[in-house]
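A quick write-up on the structure given underneath.
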Amino acid sequence: MNIIEDNVIPGVEGRTFGTNAVEDKDLLAIKAAIQEINGIKDITVDHVIFPREFTVFTINVIAISEIQKKVKQAGFHAIPKQELDV
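Residues 256 to 341 (the numbering used here) make up the sequence shown, in order.
Here is the structure:
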């Protein structure tokens, strides 16, 4: 494990997560829970694809486990998508 795999790094790309939430109200609950974390800049939700995805943008380095904990408290799961090897 390393800093890029275990954290959301500030920048324009953010980090994308898959979730088992489907309903708009559930996705809004996830978004609200994550926004409680200090250093969150923005969260975008892709309502079109299944499973649903959301992308987290930060101004600080934030542990993926911290985001997953907040999503779990909202009653759902968040699975980070793998970074592409270039």
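Backbone N, C-alpha and C define an ideal beta-carbon position, used for all residues, glycine too. On a predicted model such as this, the values are computed, not experimentally measured, just so you know.
For E321, tell me which candidate among V263, K296 and D279 has the shortest Cα-Cα distance. Comparing Cα positions, the closest option is V263.
Rounded straight-line distance, which links the Cα of E308 to that of H332: Looking at the backbone, the Cα of H332 and that of E308 are separated by about 11 Å.
Determine the burial state of T299: buried for a count of at least 16 other Cβ atoms within 10 Å of its Cβ, exposed for fewer. T299 should be labelled exposed.
Alpha carbon to alpha carbon, what distance is there between E291 and N275? Cα to Cα, N275 sits roughly 20 Å from E291.
Please state if the CB of A288 and the CB of Q328 are separated by a distance shorter than 9 Å. Yes; because the gap between Cβ atoms is below 9 Å, this pair is in contact.
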